[in-house]
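In terms of this note's numbering, the sequence shown opens at residue 16 and continues consecutively. Built from N, CA and C at the ideal position, the CB exists for glycine as well. Report on one structure; see the data block that follows.
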Amino acid sequence: HSIQPIKDEEIKKLINSMAESASQNIPLNLNEKFLNLTISVVCRAVFGVSFEDTVLSQHKLYKLIREAYMMLGSFFASDYIPYVGWIVDRFTGLKGRS
């Protein structure tokens, strides 16, 4: 099965949401919008439901998925500077979350 129809529908929702915010001069957090787009596409493809449109949007599972995506896109200094990078990771909070 192709997930293209799911991607098309979720992107259409994103564009409509962005257009509505723009027409009302509401600032957008694009990182948040694209993160939610990614999570919605993955969850619809895997579970058959978009978490954003359900009660589950505030559920702990959604928060865990979001945290995992944020960490996967994060820079861990200890990966590049093994001897002292852990200090940077501790200050940024990544060491405590990993």
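If you draw a straight line from the C-alpha of residue i to the C-alpha of residue j, how long is it?
{"i": "V64", "j": "L45", "result": "23 Å"}
{"i": "L52", "j": "I26", "result": "7 Å"}
{"i": "D23", "j": "V56", "result": "9 Å"}
{"i": "I18", "j": "A60", "result": "6 Å"}
{"i": "N40", "j": "N31", "result": "14 Å"}
{"i": "I21", "j": "S38", "result": "26 Å"}
{"i": "K78", "j": "F62", "result": "16 Å"}
Starting from the C-beta of residue i, find all residues in its chain whose C-beta is less than 7 Å away, skip the five residues before and the five after it, and write them out in chain order.
{"i": "L29", "result": "K48 and L52"}
{"i": "L43", "result": "M33 and S36"}
{"i": "I80", "result": "I54"}
Which of the three DSSP states is assigned to residue i in this structure?
{"i": "Q39", "result": "coil"}
{"i": "N44", "result": "coil"}
{"i": "I65", "result": "At residue 65 the sequence reads Ser, which differs from the Ile that was named. In the structure shown, S65 sits in coil (DSSP, three-state: anything other than H, G, I, E or B)."}
{"i": "I18", "result": "coil"}
{"i": "S113", "result": "Confidence at S113 is low in this model, with a pLDDT of 49, below 50, so its placement is unreliable and the value that follows should be read with caution. Coil at S113, not helix or strand."}
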